[in-house]
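Data block below; observations after.
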């Protein structure tokens with residue numbers, strides 16, 4: 235075989251990458267003042283890309299941000315108002331309220347060229363008209379991003395490709411560099427999220443996901459965190475098992491309603507108790523995403539008390555576990571942090 239290793243889930247791939255880069259690295263680098271361990275030309279494949287979330291308490295995965303970032307891409311946005319609410323550190327990269335390299339959404343989903351269509355629209359047409367096409371690729375990094383060597387916000391992703399083979403939609407991401415601790419998780423979540431969304435639009439099953447990276451690296455400052463993650467994974471307690479949410483076919487109207495609620499919760503002008511959530515005319519999958527945003531609204535806008543038990547109970551069980559691991563000090567007494575509740 236001439237391709238990289240294959241894993242059933244992202245968690246398996248994630249742990250393998252962390253072990254390799256932390257303990258069997260090829261190079262030590264210090265680009266832009268950050269000392270790191272690195273392997274080059276890293277590739278792996280995941281057979282079930284829908285199983286995209288690692289359940290590792292030491293990692294403290296921010297499942298709220300993961301969904302917000304994927305939606306930020308999917309709706310073609312580049313504003314820091316939205317994404318900076320979920321990741322305040324990104325505000326430091328913004329220019330006049332906009333992000334450049336970090337904002338993949340406009341490059342993928344906003345119209346470009348004389349035909350008035352987006353890269354995504356063209357890819358969808360190609361896949362429908364020629365299922366065997368090799369041209370269903372979308373370019374993300376732009377040549378002009380390197381004109382200012384001091385610019386802090388340069389796209390890490392070169393492009394994405396979809397391949398419709400044997401009736402399943404496979405995807406591949408090509409990256410110039412990837413932080414194995416933080417970026418790898420977030421990027422794989424978003425790219426497999428887009429893959430699943432596209433497969434549902436095409437009416438085909440999700441295939442495999444491949445991830446190719448020129449420089450896979452871990453900053454030395456993150457090595458203690460990596461050791462904690464790997465120690466947890468090697469411990470006697472088995473990985474918590476939760477049902478994997480499966481995205482339904484999602485229309486533009488569905489997305490618009492999701493984003494309307496997201497904005498209302500983010501700006502603290504709307505609230506979602508379980509009764510109101512159940513009445514939102516969206517599939518359960520998207521209701522549970524909104525339930526995440528309601529929990530985060532309480533964390534941000536009601537900082538002095540615990541999240542309400544009703545809000546936690548409305549979450550998907552896996553999301554509840556992740557939220558409790560991320561914000562243990564904000565959990566109500568009914569939530570036992572670290573348990574599959």
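Numbering (the working numbering), first residue to last: 235 to 575. Think of the CB as a built atom: it goes at the ideal place given N, C-alpha and C, for glycine as much as any other residue.
Determine the contact status of residue 435 and residue 483, defining contact as a CB-CB distance below 8 Å. Taking the C-beta atoms as reference points, residue 483 is found nearer than 8 Å to residue 435.
Taking the beta strand (DSSP E) that residue 448 falls in, what are its first and last residues? Note, residue 448: beta strand (DSSP E), 440–453.
Does residue 565 come out as helix, strand or coil in the three-state DSSP assignment? Residue 565 falls in the coil class under three-state DSSP.
Hey, would you say residue 439 sits closer than 8 Å to residue 402, going by beta carbons? Yes, these two residues count as a Cβ contact at 8 Å.
For residue 342, which option in 349, 372 and 240 has the closest C-alpha, if you only look at C-alpha atoms? In terms of Cα proximity to residue 342, the closest of 349, 372 and 240 is 372.
From which residue to which residue does the alpha helix (DSSP H) around residue 353 run? Residue range 353–363 is occupied by the alpha helix (DSSP H) that includes residue 353.
Beta carbon of residue 364 nearer than 8 Å to that of residue 339: Taking 8 Å as the Cβ cut-off, residue 364 and residue 339 do not qualify as a contacting pair.
Ranges of the alpha helix (DSSP H) found wholly within the region 361–398, counting only runs of at least 4: Listed in chain order, nothing qualifies, since the region 361–398 has no complete alpha helix (DSSP H) run of 4 or more residues.
Is there a C-beta anywhere in chain C that falls below 8 Å from the one on residue 544? The chain labelled as chain C is not found in the depicted structure, where only one protein chain is given.
Cβ-heavy atom distance, residue 277 to the ligand SAH, below 7 Å: Among the components modelled here there is no ligand, and therefore nothing to report on the ligand SAH.
Between the alpha carbons of residue 539 and residue 510, how many angstroms are there, rounded? Straight-line measurement puts the Cα of residue 510 at about 22 Å from the Cα of residue 539.
By DSSP's criteria, residue 329 is part of a beta bridge. Which residues make up the other side? Within the DSSP bridge table, the entry for residue 329 names 332 as partners.
Considering only their Cβ atoms, is the gap separating residue 329 from residue 526 smaller than 8 Å? It is not a contact, given that the beta carbons lie outside the stated cut-off.
Under 8 Å, with one C-beta from each stretch per pair, do the region 461–478 and the region 251–261 reach the 3-pair mark? The region 461–478 vs the region 251–261: in contact.
Out of 279, 568 and 569, state which residue places its alpha-carbon closest to the alpha-carbon of residue 243. Considering only alpha carbons, the answer is 279.
Got a sec, what are the start and stop residues for the beta strand (DSSP E) residue 498 sits in? In the DSSP assignment, residue 498 falls outside any beta strand (DSSP E) and within the unbroken alpha helix (DSSP H) covering 486–500.
Between the alpha carbons of residue 573 and residue 552, how many angstroms are there, rounded? Per-residue confidence for residue 573 stands at a pLDDT of 47, beneath the threshold of 50, marking its modelled position as unreliable; no derived number is given.
Could you tell me the boundaries of the beta strand (DSSP E) in which residue 278 lies? If you look at residue 278, you'll find it in the beta strand (DSSP E) that goes 270–280.
Nearest residue (CA-CA) to residue 301, options 563, 492, 558 and 383: The shortest Cα separation from residue 301 among 563, 492, 558 and 383 belongs to 492.
With which residues is residue 409 paired in a DSSP beta bridge? When beta bridges are read from the DSSP output, residue 409 appears opposite 391 and 447.
In whole angstroms, what is the alpha-carbon distance linking residue 537 and residue 238? The straight-line gap from Cα to Cα measures roughly 45 Å.
Neighbourhood of residue 375 by C-beta distance below 6 Å, restricted to the same chain and skipping five residues each side: Excluding its 5 nearest sequence neighbours in each direction, residue 375 has C-beta neighbours in its own chain below 6 Å: 389 and 392, listed in chain order.
Alpha-carbon spacing of residue 489 relative to residue 294, whole angstroms: In a straight line, the C-alpha of residue 489 is about 27 Å away from that of residue 294.
Nearest-angstrom beta carbon gap, residue 473 and residue 289 [assumed within contact, 8 Å]: About 6 Å; that satisfies the 8 Å criterion.
Looking at residue 444 and residue 252, is the spacing between their C-beta atoms short of 8 Å? No, they are not a contact pair.
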